[in-house]
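full-length UniProt numbering puts the first residue of the sequence shown at 1, with every later residue one more than the last.
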Amino acid sequence: MTGSDAPLIEVTDLVKHFGDRGFGRRRDQLVRAVDGVSLTVADGELVGLVGESGSGKTTLGQTVLRMHEPTSGAVRFRGTDLSGLSRRELTRLRPRMQYIFQDPFSALNPRLQIADAIGEPLLRHGRATRDDVRDRVREVLALCEMGPDSLDRFPHEFSGGQRQRIVIARAMALEPEFVVADEPVSALDVSIQAQIINLFSDLREQRGTAFLFISHDLGVVDHLCTRVAIMYRGVIVESGTRDQLFDDPAHPYTRELLAAVPTPDPRRRRRGERRPRREWDLPAAPGAPTWRDVPLTDLGDGHLVALPELS
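What follows is the structure, encoded as structure tokens:
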């Protein structure tokens with residue numbers, strides 16, 4: 001599938017393992033960070049990727065952009081298989097795909113003024129000249145609600161929320177079609193999180209940018225994303241529209257995550273407040289299929305779930 005009929009991003013059976021299964025190594029010494037993930041992202045779509053810490057979300061996002069080389073599987077950008085590109089070809093494609101890191105305090109070079117931090121990628125990829133680069137930086141900062149007085153300041157002069165806006169501005173300066181946003185609000189105060197969430201929504205509406213929004217916060221995802229994928233131990237166990245997953249979750253892990261969402265009313269009791277025993281994740285008998293081997297089944301209207309009783 002190529003051309004206009006291809007999704008913007010198509011991930012097929014993507015695997016990323018860390019470790020070496022060489023002599024003297026056991027299978028369980030492999031870190032199966034991403035273990036056969038398939039998903040798509042359409043133009044202008046904001047897809048949430050949810051899971052607890054260590055589920056493989058960040059590794060998936062970075063492998064999709066080929067920041068890690070995949071162990072196997074394929075990632076296609078508008079029908080082009082990224083794994084088949086040379087380093088030079090991938091560099092030419094980089095402006096169209098960007099990554100926003102989780103920590104705004106370490107994402108910016110402390111020795112660079114903001115004009116240089118944002119302007120340098122524009123110059124490197126030929127998106128601006130020395131004569132107009134400051135104007136381009138000023139424009140993208142305004143898009144992210146930062147004033148022109150930011151240009152000649154250093155990162156340590158800004159708050160966490162302001163730094164995150166600058167990091168977002170740097171990614172958006174190249175006018176990417178697809179952005180992986182890795183927990184972009186988790187390091188921020190709650191009062192600032194809503195502002196950054198609204199910024200992502202505005203960027204999608206104004207520029208038509210597609211996002212893979214990585215988060216462990218279902219409240220944020222519910223507010224922002226149109227489609228959601230639930231990841232557990234390197235595998236997508238359920239995916240669908242926001243309404244499908246929040247109103248009618250089918251996988252026990254999805255229900256467990258929803259049950260853990262804090263409620264403002266301490267008198268309100270929810271089913272599943274106590275962490276249930278994960279019987280679906282118990283070790284299988286030797287030779288028997290495990291939950292990792294269960295394919296995703298379509299329950300209708302694109303609501304996919306991996307359940308043994310449906311396979």
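No residue lacks a Cβ here, since even glycine has one placed at the ideal position from N, Cα and C.
Answer yes if the stretch 180 to 198 comes into contact with the stretch 49 to 64, meaning at least three C-beta pairs across the two stretches below 8 Å, and no otherwise.
yes
Given L224, which residues of its chain have a CB within under 8 Å of its CB, disregarding the five upstream and five downstream residues?
L46, G48, I197, F200, S201 and F213
Tell me the rounded alpha-carbon separation between D131 and Q98.
25 Å
How many Å lie between L304 and T91 at the Cα?
34 Å
Range of the contiguous beta strand (DSSP E) that encloses L65
Per DSSP, L65 belongs to no beta strand (DSSP E) and is neither H nor E.
Tell me the DSSP secondary structure of M172 in three-state form.
helix
Contact under 7 Å by Cβ, G302 with R32:
no
Helix or strand or just coil, what does DSSP make of R76?
strand
What does Q98 pair with, by DSSP beta-bridge criteria?
V179
Cβ of T58 within 7 Å of Cβ of S38?
no
Residue closest to H251, alpha-carbon to alpha-carbon, out of V261, D243, S239 and P262
S239
Identify which residue in R242, G161, L218 and L174 has its Cα closest to the Cα of S260.
Note on residue identity: the sequence assigns Ala, not Ser, to residue 260. The shortest Cα separation from A260 among R242, G161, L218 and L174 belongs to L218.
With DSSP run on the structure shown, which of helix, strand or coil describes D131?
coil
Under 8 Å, with one C-beta from each stretch per pair, do the stretch 110 to 130 and the stretch 151 to 163 reach the 3-pair mark?
yes
Alpha helix (DSSP H) segments (min. 4 residues) lying fully within the stretch 213 to 257
218 to 224 and 242 to 247
Looking at P95 and L174, is the spacing between their C-beta atoms short of 7 Å?
yes
Chain-order list of residues whose beta-carbon lies under 7 Å from that of K16 (same chain, five-residue window excluded)
A33, V34, T59, T63, H68, P70 and T71
L123 and R136 closer than 7 Å at C-beta
no
Neighbour-count burial assignment, G147, 16 or more Cβ in a 10 Å radius:
exposed
Neighbourhood of E10 by C-beta, 7 Å cutoff - its chain only, sequence neighbours within 5 removed
T40 and R76
DSSP has G48 in a bridge; who is on the other side?
F213 and V228
Short of 8 Å in beta carbon distance, which residues of its chain neighbour P266, apart from the five on each side in sequence? Order them along the chain.
With a pLDDT of 48 at P266, under the threshold of 50, the predicted position of this residue should be treated as unreliable, and no value is reported.
So is P295 buried or exposed if we call it buried at 16+ other beta carbons inside 10 Å?
exposed
Helix, strand or coil at A187 according to DSSP, with G and I counted as helix
coil
Whole angstroms is fine: what's the gap from V50's alpha carbon to A229's?
6 Å
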